[in-house]
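Q: I have a structure here, written as structure tokens, and I will follow up with some questions on it.
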Amino acid sequence: MNKLVRAAQTSQSLSLAAMEEASRLGLREADIDHLFLALVINDQSAGRALRELGIDIDNARLAVEEQRDAQLTSLGIEASFPEAGRIVFHETDGYEWTPRARDLIAKSSSKGKPGDAAAVLRELVAEPSGLITEILRRLGTTPDALIERLDRADAPSMKSMPAAAKVKGRTTGTTETFVSAPLDEVWAFLTDPARIPEWEPSIGSLDQTSQEATPGAVWEGFAPATHPDGKPVKIEPQFRRRSVELIAIHQPDRIAWSFGYPDVAQGNSVLTEFALENSTGGTQVRISRSWSRRRGWRGLVAWPLRPIQKFLVWITLFQTGSAINRAFR
């Protein structure tokens, strides 16, 4: 993956997670403390380094909250920040970075820097306000200890999950996400048909969710009637119904679901597979989506659209990974 793509994907994932954290407090600006929280749940080496130091999303949130209160007290202000609620970022709009957070992210990809999450974390630790240093102190560590751990996490010997195998004749996209929950809880979530609308963007509701989840079982799904913000969804009649089939379920580390359009002639089904692996502080999840390529002249016509298709696959994978992550926060 080239530097530009890596930096863009890192910026996208950190922006989403940080602004989700800001939305819990009713804020519309994400600052460097929200960026720190986003890094704690990041699937790259930066997140692994933080979690290996015993920092998880719960104690990181508490440390950030305590540091905010301490700052107000030092200024002689008797007030408190709003009490945190659930994440509402995906239901609202109007979010942006503070200037210092935006500048820090830009700096992480300048002058030969890679722009990945590790580069962002290094810039964050060196940020001159001292905010992150104080937060780390409350978490029982120091910037030097964190950088040392990050250096080890970035070492070539540290490998991620094995890459998904490519299948001839199918278009496939793969991504990874970290989920701050034990593997068995993530497994239960991804094998429960009733929870599918929480992570699959094309499914708004599902019938017969009490049916046992066994390979070959099929459910009837329906496209969402509204967006998360409540606005109605415009959708053609033939795309309203979805078929949902459980293809494989191998406890504790693999699940595969197939989604099709029963009212679309010659419509391709989409296979979504999950591979789970225990990780420090939670579960690493690899998500793969694939579908059969069209043959003959239809395949030739579709060839120039491959870059667009790959981008749309990445967007869908990103949405799915973010939704799974959000379900446990």
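All residue numbers for the sequence shown refer to numbering that gives the first Met the number 0, where the first residue is 0 and numbers rise by one.
All C-beta atoms, glycine included, are put in the ideal place defined by N, C-alpha and C.
1. I'd like to know whether the C-beta atoms of L15 and A116 end up nearer to each other than 9 Å.
2. For R194 versus E219, is the C-beta spacing smaller than 9 Å?
3. Would you say T319 and P200 are within 9 Å of each other, going by their C-beta atoms?
4. Mind listing, in chain order, the continuous beta strand (DSSP E) runs of no fewer than 3 residues lying wholly within the region 176-264?
5. Pick helix, strand or coil for F327, following the three-state DSSP scheme.
6. Would you call Q207 buried or exposed, if buried means 16 or more other Cβ atoms sit within 10 Å of its Cβ?
7. How big is the Cα-Cα spacing for F317 and T176?
8. Count the other C-beta atoms from every protein chain shown that fall within 10 angstroms of the C-beta of E329, then say buried if there are 16 or more, exposed otherwise.
9. Can you tell me where the alpha helix (DSSP H) with G281 in it begins and where it stops?
10. Identify whether E147 lies in helix, strand or coil by the three-state DSSP scheme.
11. What are the boundary residues of the alpha helix (DSSP H) that includes F273?
12. Starting from N41, follow the alpha helix (DSSP H) in both directions and report where the run begins and ends.
13. To which residues of the same chain is Y94 closer than 8 Å at the C-beta, ignoring the five residues directly before and after it?
14. According to DSSP, is T132 part of a helix, a strand, or is it coil?
15. Does any residue of chain D bring its CB to less than 9 Å from the CB of E276?
16. Enumerate in chain order the residues of its own chain whose CB-to-CB distance from P227 is below 6 Å, with the five nearest sequence positions on each side excluded.
17. Return helix, strand or coil for G172, following the three-state DSSP convention.
18. Could you give the first and the last residue of the continuous alpha helix (DSSP H) run that contains L120?
19. Pick from V243, N267, E122 and V178: whose alpha carbon is nearest that of D102?
20. Buried or exposed, going by whether 16 or more other CB atoms sit within 10 Å of the CB of G111?
21. Indicate whether W198 and A322 have their beta-carbon atoms separated by less than 9 Å.
22. Using a Cβ-Cβ cut-off of 7 Å (strictly less than) and excluding sequence neighbours within five positions of T141, which residues of its own chain qualify?
23. Got a sec? Which residues, its chain only, sit under 8 Å from N324 by beta carbon, not counting five neighbours each side?
24. I'd like the span of the alpha helix (DSSP H) that includes D68, first residue to last.
25. Given that a residue counts as buried once 16 or more other Cβ atoms are within 10 Å of its Cβ, and exposed if not, what is T72?
26. Are the region 45-53 and the region 182-190 touching, with three or more C-beta to C-beta distances below 8 Å?
27. For A334 and I202, I'd like the C-alpha separation in whole angstroms.
28. A29 bridges to which residues according to DSSP?
29. Can you give me the start and stop residues for the alpha helix (DSSP H) that E9 sits inside?
30. Cβ of A6 within 9 Å of Cβ of G114?
A: Taking the definition as stated:
1. no
2. no
3. yes
4. 217-221, 240-249 and 253-259
5. coil
6. exposed
7. C-alpha separation (whole angstroms): 9 Å.
8. Residue 329 lies beyond the range of the chain shown here (0 to 328); nothing can be said about it.
9. Note, G281: premise wrong, no alpha helix (DSSP H); beta strand (DSSP E) at G281 to S291.
10. helix
11. Careful: F273 lies outside any alpha helix (DSSP H), inside the beta strand (DSSP E) at V269 to S278.
12. Counting along the chain, N41 falls outside any alpha helix (DSSP H), and DSSP gives it neither H nor E.
13. M18, A21, S22, R27, E28, A29 and F88
14. The answer is helix: DSSP assigns T132 an H, G or I state.
15. Any reference to chain D falls outside this structure, which holds one protein chain only.
16. H89 and E90
17. strand
18. A116 to V124
19. E122
20. exposed
21. Yes, the pair counts as a contact, with Cβ atoms nearer than the cut-off.
22. The beta carbon of T141 sits closer than 7 Å to the beta carbons of L135 from its chain, once the five residues preceding and following it are set aside; these are given in chain order.
23. A16, I40, T176, F177, V178 and S179
24. In the DSSP assignment, D68 falls within the alpha helix (DSSP H) that extends over I56 to S73.
25. exposed
26. Touching, no.
27. Outside the modelled stretch of the chain, which goes from 0 to 328, sits residue 334, for which no answer is possible.
28. W96
29. Contrary to the premise, residue 9 reads as Thr rather than Glu in this sequence. Unbroken alpha helix (DSSP H) run through T9: K2 to S22.
30. yes
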